[in-house]
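These protein sequence lines are chains A and B, in that order.
If you read the first sequence in our numbering, its first letter stands for residue 1, the second for the next number, and so on.
If you read the second sequence in our numbering, its first letter stands for residue 1001, the second for the next number, and so on.
Heads up, the beta-carbon is just placed ideally off N, CA and C, and yes, glycines get one too.
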Amino acid sequence: MSDPIVVFDQITKSYDGITTVVHGLDLTIERGEFVTLLGPSGSGKTTTLMMLAGFEDPSGGTISLDGRLLNHVPAHQRGIGVVFQNYALFPHMSVAGNLSFPLEMQGMGRAEREQRIKAALDMVKLGPLGERKPSELSGGQQQRVALARALVFQPKLVLMDEPLGALDKQLREHMQIEIKHIHEQLGVTVVYVTHDQSEALTMSDRVAVFNQGRIQQLDSPATIYEEPANAFVASFIGENNRLAGTIVSRDARYCRMMLADGTPIEARVAGDLAVGSKAVLSLRPERVMVGAGATGTNAFQARIEELIYFGDHTRLRLSLGGSSAFMARTSFKDSLSDLQRGASVPVSWSRECGRALPFMEQE
Amino acid sequence: MVTKRNLLAAALIAPLLLLVLVSFIVPLGATLYRAVEDAEIPTILPQTTALLKQWDGEALPSEQVYRSLITELRDAQEQQKAGPVLNRLNFEETGLRSMLLQGLRASGRFAGSTKEGLIALNPRWGDPQFWGLVKRSTGPWTPLYFLRSVDLKLGPDGAVVPTAEEEAVFIKLFLRTFEISLTVTLICAVLAYPIAYTLSILPQVWTNIGIMLVLIPFWTSILVRTTAWFIILQREGPINALLISLHLVDQPVTMIFTRFAVYLAMVHVLLPFAILPLYSVMKGIKPDYMRAAASLGAPGWRRFLRIYLPLSMPGVAAGAMMVFMLSVGFYITPALVGGSGDQMISYFIAFFTNTSVNWGIAAALAALLMGMTGVLVAIAWLLVPGFRAGGVRV
């Protein structure tokens, strides 16, 4: 059942006519979906959001909202709520004044406005703070006001531009869950921009990974994480071991590849990788089994270069396959007593977990 | 350690403090003191002053007082010190200067009593009221200068009464000063707003050029700039020549020595003071506020009225304050390009200071001007929200 609310069709953006920031972007967002645009800075994700909000005009292509072409609709007629990175709360108005602003623009009567403001403040748990000025609130409270302001006029679509970037880690994680709950509760469509991959994975229905003005992959968080489409996605999302090598043989699903130092590996293979081509093995550290129980298709002895203690787990830096930066993540299930620097330990991983991806020049 | 650093800090600040003290607080205090000081007669006529202190103020003073006044005045005149005394008494009542000079000239010829000689010369000498005026002028303080600054004076009986109509000029002058200053402030604010806004949104290169253009007038002195207007606005000046050659007018338009010329020249001189604070405030208004307002459904003009204007108010307030304070003190510009009906209070302060050397009234006018300006600024501070810039964080 497809019910698109936003459709980007071949959107291109260049600020100066020379450098292109967004290249031929196609993106369809379903009604009620939580879509995150994830990417490093300068990848085009914020520009994409700004074009959707109406603050920037596309250089080419079309954007439509609910079947209506947006290209020549000014921002104030789009009815899209926006949460800004630094909140952009009007400093000369109280919290209630900020929330009242969009309702006044709609010409709503006082009684109804007050009711809506109260409901919105209650939703973000700021009930009694309506008369405060934004400058009298903490960062987290300001963030909630910004959220309430973007939602109070009941837009069909809410855009959030790194809304949690200014908060500390603990508050950020708390707000992630809270925003997620509000999204589920209201059923509003959310387009969320972030460069924080864990935020993207936690909150989204789908994640669009941006790099150099193009969507590298658009998929559910689990697919993005487990089955990255290319080496950029693999390296940008989560921690990753990358070992260069060559494809020796392959079938539809698996391949054998030879690493630089001659170590043979079995792994899943991306669709178009031919035998003989250069490839990169991508493997999550937590998929590597360490210690006595480590047996399977890809089983090796590796030398421990470093032990890094993290409290809930320990990371090992290993020498393996020509790399001395091969990371493995041990959990309590592994026996750690015999792990020490310089020792040799058995490591292994299933061929399901490693992925052979096309080698990219910039690596 | 802390003490040592404090001492160092104090030592570094000390020259500045001293400068402020010597160049600002002391002269200001001295000037204000002059507005109420009444020192001419006690210093120059000490003996007469002492005698008059004992006088009951009802009957005519004794021969001794008359003689003392004439003797001390003559001594003063020989040392060329009589001027301030004569001025002071003449200020109390016009005509006293000539009466005193006449008495002084005639006193050498008096055969018998000085008192009778003087009264014979001018019956006013025999009027206890005259002596009352002299006694009132023996200090050490006098409210006279302040009263005169608001067109009041002390009557012979000591009651406060309005001055004669032909002498009542100061209230009109104050009103005119504030009228001109407020008009100039308003014009500057209205002109500076779009200029500052344009500067704040231009690309940096153009902003730098624009700021430079705003600052170029500071490269020449106010006097030069005003004189330039004096030349441009003349009957035979370039503007009139242009208007006539374009057949827009038949006769030269009178521009020089009008209120229009005063406004034009003052706005020209003061506009940068309005633009610069406005520009710096506008530069600090993040575009995100306007974007947020747009996303919340506000069309351009409502974004301006509800968001941009209030956020830029501290700049308007700061600029208007600067322009107003500076224009209140203007006198060269109105003096050069304005007519007699366009002169401001500072012109008269300068006149009393330099030409007629009545520092008491000059000081009183200056003090009143400062006080009134302070009151106006305080009212604006209370009424205009942007003045309390601390309340708005941009």
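Below 8 angstroms on the Cβ atoms is my guess for residue i versus residue j; work out the distance and round it to an integer in Å.
{"i": "Lys133 of chain A", "j": "Ser94 of chain A", "result": "6 angstroms"}
{"i": "Ala1059 of chain B", "j": "Pro1156 of chain B", "result": "Wrong, their Cβ atoms sit about 16 angstroms apart, outside the cutoff."}
{"i": "Arg228 of chain A", "j": "Arg355 of chain A", "result": "Here residue 228 of chain A is Pro; the residue named in the question, Arg, does not match the sequence. Contact flag correct, Cβ pair sits at about 7 angstroms."}
{"i": "Val1377 of chain B", "j": "Met1321 of chain B", "result": "6 angstroms"}
{"i": "Ala75 of chain A", "j": "Gly54 of chain A", "result": "3 angstroms"}
Can you tell me which of the three DSSP states residue i falls into?
{"i": "Ser204 of chain A", "result": "coil"}
{"i": "Gln1064 of chain B", "result": "helix"}
{"i": "Arg1097 of chain B", "result": "helix"}
{"i": "Tyr309 of chain A", "result": "strand"}
{"i": "Ile11 of chain A", "result": "strand"}
{"i": "Ala244 of chain A", "result": "strand"}
{"i": "Val1392 of chain B", "result": "Caution applies to Val1392 of chain B, whose pLDDT of 40 falls short of 50 and renders its modelled position unreliable; the value that the coordinates give is listed next. Val1392 of chain B: coil per DSSP, three-state reduction."}
{"i": "Glu363 of chain A", "result": "Any reading at Glu363 of chain A must be qualified, since the residue scores a pLDDT of 44, below 50, and its modelled position is unreliable; the value itself is stated next. Looking at Glu363 of chain A - three-state DSSP - the assignment turns out to be coil, as it is neither helix nor strand."}
{"i": "Arg1290 of chain B", "result": "It should be noted that the sequence gives Met, not Arg, for residue 1290 of chain B. Looking at Met1290 of chain B - three-state DSSP - the assignment turns out to be helix."}
{"i": "Met160 of chain A", "result": "strand"}
{"i": "His23 of chain A", "result": "strand"}
{"i": "Val280 of chain A", "result": "strand"}
{"i": "Trp1055 of chain B", "result": "coil"}
{"i": "Met108 of chain A", "result": "coil"}
{"i": "Asn298 of chain A", "result": "strand"}
{"i": "Gln1080 of chain B", "result": "coil"}
{"i": "Thr1258 of chain B", "result": "coil"}
{"i": "Gln1102 of chain B", "result": "helix"}
{"i": "Pro346 of chain A", "result": "strand"}
{"i": "Pro155 of chain A", "result": "coil"}
{"i": "Gly1341 of chain B", "result": "helix"}
{"i": "Val1377 of chain B", "result": "helix"}
{"i": "Tyr87 of chain A", "result": "coil"}
Are the beta-carbon atoms belonging to residue i and residue j less than 8 angstroms from one another?
{"i": "Thr1353 of chain B", "j": "Ala1362 of chain B", "result": "yes"}
{"i": "Met1313 of chain B", "j": "Phe1330 of chain B", "result": "no"}
{"i": "Gln1047 of chain B", "j": "Glu1078 of chain B", "result": "no"}
{"i": "Ile1180 of chain B", "j": "Asp1151 of chain B", "result": "no"}
{"i": "Arg1097 of chain B", "j": "Leu1086 of chain B", "result": "yes"}
{"i": "Ala231 of chain A", "j": "Ser198 of chain A", "result": "no"}
{"i": "Val275 of chain A", "j": "Ser249 of chain A", "result": "yes"}
{"i": "Arg1088 of chain B", "j": "Ser1137 of chain B", "result": "yes"}
{"i": "Cys1188 of chain B", "j": "Ala1274 of chain B", "result": "yes"}
{"i": "Ala166 of chain A", "j": "Arg1291 of chain B", "result": "no"}
{"i": "Tyr1402 of chain B", "j": "Met1282 of chain B", "result": "In the structure as shown, chain B begins at 1001 and stops at 1394. Residue 1402 of chain B is therefore absent and cannot be evaluated."}
{"i": "Leu159 of chain A", "j": "Arg172 of chain A", "result": "no"}
Does the beta carbon of residue i come closer than 8 angstroms to any beta carbon on chain B?
{"i": "Met437 of chain A", "result": "Residue 437 of chain A cannot be examined here, being either before or after the span of chain A that is shown, 1 to 363."}
{"i": "Asn86 of chain A", "result": "yes"}
{"i": "Gly32 of chain A", "result": "no"}
{"i": "Pro58 of chain A", "result": "no"}
{"i": "Ile5 of chain A", "result": "no"}
{"i": "Gly139 of chain A", "result": "no"}
{"i": "Ile182 of chain A", "result": "no"}
{"i": "Thr297 of chain A", "result": "no"}
{"i": "Ser345 of chain A", "result": "First, the amino acid is wrong: residue 345 of chain A is Val here, not Ser. With 8 angstroms as the cut-off, Val345 of chain A does not count as an interface residue toward chain B."}
Using the Cβ count rule (16 or more neighbours within 10 Å means buried), how would you classify residue i?
{"i": "Arg1109 of chain B", "result": "exposed"}
{"i": "Gln1054 of chain B", "result": "exposed"}
{"i": "Arg1105 of chain B", "result": "exposed"}
{"i": "His92 of chain A", "result": "buried"}
{"i": "Asp3 of chain A", "result": "exposed"}
{"i": "Trp1219 of chain B", "result": "exposed"}
{"i": "Leu1242 of chain B", "result": "exposed"}
{"i": "Tyr309 of chain A", "result": "exposed"}
{"i": "Glu266 of chain A", "result": "buried"}
{"i": "Leu1052 of chain B", "result": "buried"}
{"i": "Gly1360 of chain B", "result": "buried"}
{"i": "Leu1257 of chain B", "result": "It is worth fixing the name first, because residue 1257 of chain B is Phe in this sequence and not Leu. Buried, since its Cβ has 16 or more Cβ neighbours within 10 Å."}
8 angstroms is my cut-off, CB to CB: does residue i come that close to chain A?
{"i": "Pro1217 of chain B", "result": "no"}
{"i": "Gln1041 of chain B", "result": "First, the amino acid is wrong: residue 1041 of chain B is Ile here, not Gln. Output row for Ile1041 of chain B: interface = no."}
{"i": "Ile1209 of chain B", "result": "no"}
{"i": "Pro1310 of chain B", "result": "yes"}
{"i": "Leu1133 of chain B", "result": "no"}
{"i": "Tyr1289 of chain B", "result": "yes"}
{"i": "Leu1382 of chain B", "result": "no"}
{"i": "Ile1180 of chain B", "result": "no"}
{"i": "Lys1286 of chain B", "result": "yes"}
{"i": "Leu1278 of chain B", "result": "no"}
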